[in-house]
DNA sequence: CTGAAAGCGCTTACAG
DNA sequence: CTGAAAGCGCTTACAG
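Chains as they are written, first to last, in my numbering: chain S, 1 to 341; chain G, 1001 to 1341.
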C-alpha cells in the first residue's frame, strides 16, 4: 500500500524543501511564482490533504442543515421522519433547527450562508419558508445547495423545491364531493398568499367549472393552516341563509376545526355535511368520524429533498428544479351524499 | 496574555507526562481511572481544546447529538420540541438521528464514542434507551457526556438521566379514580421491564393499598406503549365475569386503544367505564371524549436534558444524577363516578 | 527566494 | 499503568 502524501513526499516530487511546500499551502507570498505552481501541481498529483481536511473527511458523515418554521404540526413531523429515516442509510447527519418566518426575514443571510459553508455543511433544507431571490444568491455564492419543501412563494429562478400535486389534489377532493351529489361546496383555504393554498383552491375551481357548478363567493374563506381558522370559517358558513352541504378544507387542521363546530351545533358529519381535509396526517385518520383527506406523501417528500441536496452537494445537475410528488384522495367516513332537501 | 493550553501545560497541572494526557484525550484504555479523572480535571480547568476542537469552535455553535429510538409518538415529538426550542437560545445545534433498540445493541460503542468525540460533539442525549454500564464507560472514556431521558433500565452508577415523577403520577391517577368511587380498577401497563412502567404500576398499588382496596390480578396487564396493547387489554377485561369500572393506562396510546374497544362494544366512557391515560399528549386532548391523563412536562424534560449536557460539557458537576420533573393529573371527560350496580 | 536547522505539539512503541 | 525517548508532520526564524 502507498503511504498517504506528506509535505515531505510533495516536496520531493516538486524538487523543493518542505518549508517551501508549507509556505505554498499557507498562502505565504515569499515563494517564486514558478516554484509555487510546481508545488501546486505536485500537491494535486499526490492528492495531498492537510490534517484538518483529512479530519473533516474522515470525521464521518456529512452534515445537512434542516430548518423548520415550526415543529408543531403532524405535517412537519412526517416530513422530518422521512428525512431522518432516509439519512440513516446515507452517511448523512441532520442538524435540526427551527427558524420562525419573522426570524428568517430579520436574519443576515450572508453571514448565515458563510457560517453554513464554513462549517462544512453540505446543504440546507428549508420547510415551508419564503426565500427571497437575494437570499438564494447568498447561499449560491457560498456554494451551499438549498432545497425548499413546499415553498410559500412561487418558484423563482434557481429555487430548487419539492412539493406535491396540490392542484390535482384539490381537484380530486372536489370531484369526489361532486360525485356524491354535492353542488353547494365551500372551500376553506389556508394562507391566501401561499403557493400551495392557491393551487388547491384552483384545483377546486377547475372541478367546479368542469361540472358547470357556479362558485358562491360566500363559500370561499381563507386564514391559516390551523384549527381556529376552521372554527371561524364553519361558524360563518352555518350562519348563511343557504349553508353549503360540503366543505373542502385546505388542510386537516382546518377540517378538524370545521368538524368541531359542526358537532357542537348538532350538524351531523357526514349525514348533514361532508368534510374533506388535506395532508392525510393522523389528524384525519383519528378524527371522529375519520376524515376523508387528500394525502400528501410527506415522508417521500422529505426523502426526496434530502436526496436532492446530496446530489447537488455531489456536483450533479438536476433534470428539474421542482419535483412534485403525487397526492392521493383517501376516502374515509366524513363524506357522503348530501341530505335530501 | 496567557498562552493557550498545550498537552504540556495540562500534563504539568495534572502531575503526569504528556503521553498520558494524549492517551486520555484519545480514549485509550491503558490509563488508570484515577489518573484519567485527574487529567480530565486539568483539561477542564485549563480549557484545553484539541486542534480539531479549536477548528470546530471558531466554526460556530457546539453540536449535541440527539438520538431517538423512534420518532413515531407524540411523546418523542414533544421532547424534541423542548430540546430544539431550548437550543435556539443556547448557541448549540442539534444533530438528530434515530437508532432502534436493536441497532443500539449491535453497535460498536467504542467506535461510536470515538467518532462523537472526534467530531467535536459536546455530548449525547439518548431518549428511552437501554444503556449498559460498559457502553456508558466507553463514552466516559472519550469524555463524551451522556444524558438519558426516561432510561429503560434502572439508573446505574454514573448514568445521568432525566425523567418525571412516574410513581407519584400513577398514584395521583389512581387516587382520582378512587375518589370518584371506583374500586374495580384495572391497570394496563406498558413494557413490564421498563423502569417508568414499574414506577407507574407501583404508584397504582400504593394508592390502592392506602385505601385498602384489593388488587385483582386479572386487572393487571402489560405489553407495549401502543394502541394495540390497549385494544387487547380492553378486550380481555370486558370478557371477565366482573369487568373493572375504571382503567388506568400506562400511556395515552394504550388508553386510546382501550377507548376504541369500549366504544365499539357499546361501553360508554365515562358513564360505564372511566379511563385515565399517561403522558398528557395531544392524543389525550383530542380523543373523543377527551382523556383524563397524567401529563408529563415533556418539553421541560427535553430542555433539562440539553441544559444538563451543556453543563457537563462545560465541566460543571451536577448536584444530582437523576432529575425528576413533576407530573400533573389533567382531568378531562373520560372519568366519572362508576355506574350504579 | 530558498532551505538547513530548530522548534512545536502531539503520538507511538516500548522498557520498566 | 506510566513516562522517557524517539518519531511524525508541520511551521517558523533566519542565514545566505
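Even glycine gets a Cβ: it sits at the ideal position worked out from N, Cα and C.
Sequence-distant residues of its chain with Cβ nearer than 6 Å to residue i (five each side left out)
i	result
residue 295 (chain S)	280, 328 and 330
residue 303 (chain S)	82 and 86
residue 1227 (chain G)	1253, 1256 and 1257
residue 243 (chain S)	237
residue 1182 (chain G)	1245, 1246 and 1338
residue 1208 (chain G)	1215
Rounded straight-line distance, which links the Cα of residue j to that of residue i
i	j	result
residue 1288 (chain G)	residue 1308 (chain G)	38 Å
residue 145 (chain S)	residue 76 (chain S)	21 Å
residue 1043 (chain G)	residue 1121 (chain G)	16 Å
residue 193 (chain S)	residue 235 (chain S)	23 Å
residue 334 (chain S)	residue 255 (chain S)	10 Å
residue 1017 (chain G)	residue 1024 (chain G)	11 Å
residue 323 (chain S)	residue 133 (chain S)	19 Å
residue 310 (chain S)	residue 92 (chain S)	9 Å
residue 1320 (chain G)	residue 1078 (chain G)	24 Å
residue 1001 (chain G)	residue 116 (chain S)	Per-residue confidence for residue 1001 (chain G) stands at a pLDDT of 47, beneath the threshold of 50, marking its modelled position as unreliable; no derived number is given.
residue 173 (chain S)	residue 1291 (chain G)	32 Å
residue 100 (chain S)	residue 125 (chain S)	14 Å
residue 1190 (chain G)	residue 1301 (chain G)	20 Å
residue 1015 (chain G)	residue 1021 (chain G)	10 Å
residue 37 (chain S)	residue 13 (chain S)	13 Å
residue 1200 (chain G)	residue 1170 (chain G)	4 Å
residue 98 (chain S)	residue 1096 (chain G)	13 Å
residue 1195 (chain G)	residue 1176 (chain G)	23 Å
residue 1010 (chain G)	residue 1004 (chain G)	11 Å
residue 1210 (chain G)	residue 107 (chain S)	58 Å
Closer than 9 Å to chain G by CB, residue i
i	result
residue 286 (chain S)	yes
residue 230 (chain S)	no
residue 72 (chain S)	yes
residue 119 (chain S)	yes
residue 268 (chain S)	no
residue 95 (chain S)	yes
residue 81 (chain S)	yes
residue 185 (chain S)	no
Coil, strand or helix - residue i by DSSP
i	result
residue 324 (chain S)	strand
residue 1278 (chain G)	strand
residue 188 (chain S)	strand
residue 296 (chain S)	coil
residue 1098 (chain G)	strand
residue 1165 (chain G)	coil
residue 1316 (chain G)	coil
residue 252 (chain S)	helix
residue 1257 (chain G)	helix
residue 229 (chain S)	helix
residue 1127 (chain G)	strand
residue 1093 (chain G)	strand
residue 1066 (chain G)	strand
residue 1180 (chain G)	coil
Of the listed residues the options, nearest to residue i (C-alpha basis)
i	options	result
residue 202 (chain S)	S:166, S:83, S:304 and S:13	S:166
residue 1028 (chain G)	G:1079, G:1070, G:1336 and G:1111	G:1111
residue 1186 (chain G)	G:1246, G:1179, G:1099 and G:1030	G:1246
residue 212 (chain S)	S:178, S:220 and S:232	S:178
residue 1109 (chain G)	G:1136, G:1088 and G:1096	G:1136
residue 74 (chain S)	S:286, S:306 and S:326	S:286
residue 8 (chain S)	S:49, S:31, S:33 and S:34	S:49
residue 325 (chain S)	S:162, S:284 and S:158	S:162
residue 1184 (chain G)	G:1197, G:1198 and G:1204	G:1204
Sequence-distant residues of its chain with Cβ nearer than 7 Å to residue i (five each side left out)
i	result
residue 262 (chain S)	234, 269 and 273
residue 1094 (chain G)	1064, 1066, 1083, 1084 and 1087
Same chain, Cβ closer than 8 Å to residue i, neighbours up to 5 away in sequence not counted
i	result
residue 1312 (chain G)	1123, 1145, 1147, 1160 and 1318
residue 1071 (chain G)	1077, 1080 and 1098
Chain S contact for residue i (CB, 9 Å cutoff)
i	result
residue 1001 (chain G)	Because the pLDDT at residue 1001 (chain G) is just 47, under 50, the model does not fix this residue reliably, and the point stays unresolved.
residue 1293 (chain G)	no
residue 1098 (chain G)	yes
residue 1088 (chain G)	yes
residue 1084 (chain G)	yes
residue 1302 (chain G)	no
residue 1077 (chain G)	yes
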